[in-house]
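Residue numbers (the working numbering): 1 to 409. Cβ atoms here follow ideal geometry from the backbone N, Cα and C, with glycine treated the same way. Reviewing the structure listed below.
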Ligand code: OVM
């Protein structure tokens, strides 16, 4: 795969003097998902900005430009969708999220509610029960010895704590991961992954839509707290339903893939597993470094609200810009030895949770789960070994495994 420095298409050349790298490569292809890293390198090295002719979009893969786009919400908006579809031209597959797919001032009102629900105070109250569940999960796996690191650990642990924390009923929770998979596939182009996910969407959408209603949520929990903001006059009940939907969309598959990333790293980097075992208090940073290293959320789009300058080129108004978060998180201009998983690394500044006003509002819950499950592993497990071929999961936005056969002692 090459990123040729050929003459850009006319609509590109018009504004940028002809120096913009252009490529027909498909960043939503299975081939790319199997091993994105060599292409990430090519994309970073071809220039600070490039044009992807297949989709008629701009792309940024260097840390500096990804960060620039993330921080400038006034130029690079979210309200036209953070996937390929431009909401100014296409009807979204579901009503837009009140946080993810809005700009200030609307965004900020919704964001405030979620930040409070997912605040340090709330998260502190959850620690004890989340910790007990992490210990139970690891204890049960130690009895079994051999298991699937994705299904039995990376999925099982968040599924044992998050739905209860939201206040979901016991029935139908099996829809949560398929629904999230659908939402993250839907950010991509109309390829097979997106089309097939949408074709199977109906039961998952029906479940999530129903569970977001106040009467279906427990009296205590994230869901109830969102709905309490209606009583306080901060949001309407329709808005509360959509904010609970955000929790159900973004709160589970993300942490599954974050935990899966760290686990896969620790299983491959023996010295880092030993370092974690000797200092279990490194668990939180081991999780964070897993996020940097694998970037479970690989990409997001923005749309330009006006002509924008990036890397010395001009992007016209109304253009989609694809941010390669995973490439930025391994940019040698920003990171020393980026291809090494190093649990002692200073990870701050990574864009695995985004940056700026839309930066992951659930990051404290994610980190709590990541820290607790890795800490339980570090304290209880001596050896961790991959026993079979890891199987990759393919999604237009999420990077992770479908299966990781492993053994622990
Ligand atoms: C949302 C949301 C937020 C972040 C990520 C995401 C599917 C969704 O508000 O629904 O991915």
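Residues bridged to residue i (per DSSP)
i: residue 52; result: 23 and 57
i: residue 405; result: 148
i: residue 349; result: None, per the DSSP bridge assignment.
i: residue 28; result: In the DSSP output, where bridge partners are listed per residue, residue 28 has none listed.
i: residue 392; result: 401
i: residue 413; result: The structure shown does not extend to residue 413, since the chain spans only 1 to 409, so no value can be given for it.
i: residue 76; result: 304
i: residue 354; result: 352
Nearest residue (CA-CA) to residue i, options the options
i: residue 134; options: 146, 119, 122 and 155; result: 155
i: residue 374; options: 259, 34, 190 and 354; result: 259
i: residue 383; options: 275, 172 and 23; result: 275
i: residue 76; options: 329, 316, 55 and 122; result: 316
i: residue 184; options: 36, 287 and 82; result: 82
i: residue 249; options: 307, 362 and 264; result: 362
i: residue 103; options: 216, 74 and 231; result: 74
i: residue 23; options: 34, 211, 285 and 44; result: 44
i: residue 310; options: 48, 356 and 105; result: 48
i: residue 380; options: 52, 138 and 298; result: 138
i: residue 356; options: 40, 41, 99 and 367; result: 99
i: residue 302; options: 176, 107, 409 and 79; result: 79
i: residue 290; options: 359, 367, 253 and 30; result: 367
i: residue 402; options: 391, 408, 395 and 409; result: 391
i: residue 96; options: 163, 358, 242 and 365; result: 242
i: residue 268; options: 172, 167 and 340; result: 340
i: residue 36; options: 166, 394 and 252; result: 394
i: residue 57; options: 358, 352 and 322; result: 322
i: residue 369; options: 132, 60 and 59; result: 132
i: residue 210; options: 199, 180 and 168; result: 168
For residue i, the three-state DSSP class (helix, strand or coil)
i: residue 360; result: coil
i: residue 218; result: coil
i: residue 37; result: helix
i: residue 415; result: Not covered by the structure: residue 415. The range shown for the chain is 1 to 409.
i: residue 381; result: coil
i: residue 212; result: coil
i: residue 343; result: coil
i: residue 370; result: helix
i: residue 331; result: coil
i: residue 195; result: helix
i: residue 17; result: Model confidence at residue 17 stands at a pLDDT of 47, short of 50, so the residue's coordinates are unreliable and nothing is read from them.
i: residue 119; result: coil
i: residue 203; result: helix
i: residue 133; result: helix
i: residue 126; result: helix
i: residue 45; result: helix
i: residue 69; result: helix
i: residue 112; result: helix
i: residue 375; result: helix
i: residue 365; result: helix
i: residue 90; result: coil
i: residue 106; result: helix
i: residue 336; result: coil
Beta carbon proximity, residue i to chain C, threshold 8 Å
i: residue 51; result: The chain inventory of the structure shown lacks chain C, comprising one protein chain alone.
Whole-angstrom distance between residue j and residue i, CA atom to CA atom
i: residue 306; j: residue 313; result: 14 Å
i: residue 404; j: residue 72; result: 38 Å
i: residue 150; j: residue 19; result: 44 Å
i: residue 228; j: residue 235; result: 9 Å
i: residue 378; j: residue 153; result: 14 Å
i: residue 277; j: residue 264; result: 16 Å
i: residue 334; j: residue 206; result: 44 Å
i: residue 330; j: residue 117; result: 32 Å
i: residue 406; j: residue 148; result: 6 Å
i: residue 186; j: residue 372; result: 31 Å
i: residue 319; j: residue 221; result: 40 Å
i: residue 63; j: residue 171; result: 43 Å
i: residue 281; j: residue 344; result: 11 Å
i: residue 342; j: residue 325; result: 19 Å
i: residue 109; j: residue 233; result: 12 Å
i: residue 257; j: residue 398; result: 8 Å
i: residue 273; j: residue 88; result: 48 Å
i: residue 112; j: residue 106; result: 10 Å
i: residue 177; j: residue 253; result: 6 Å
i: residue 7; j: residue 52; result: Note that residue 7 scores a pLDDT of 40, beneath 50, so its modelled location is shaky; the value from the coordinates is reported in the next line. If I take the Cα positions, the gap works out to 13 Å.
i: residue 386; j: residue 218; result: 39 Å
i: residue 238; j: residue 190; result: 29 Å
Residue i beta carbon near the ligand FAD (any heavy atom closer than 7 Å)
i: residue 328; result: Summarising the ligand content, the structure contains the ligand OVM and does not contain the ligand FAD.
Inset, instruction - Could you pull out every unbroken alpha helix (DSSP H) segment of at least 4 residues lying fully inside the segment 274 to 329, listed in chain order? - result: 283 to 294 and 325 to 328
Inset, instruction - For the segment 139 to 193, list the beta strand (DSSP E) runs that are entirely contained and at least 3 residues long, ordered along the chain. - result: 146 to 148
Legend entry - alpha helix (DSSP H) segments (min. 4 residues) lying fully within the segment 220 to 270: 222 to 231, 237 to 250 and 253 to 268
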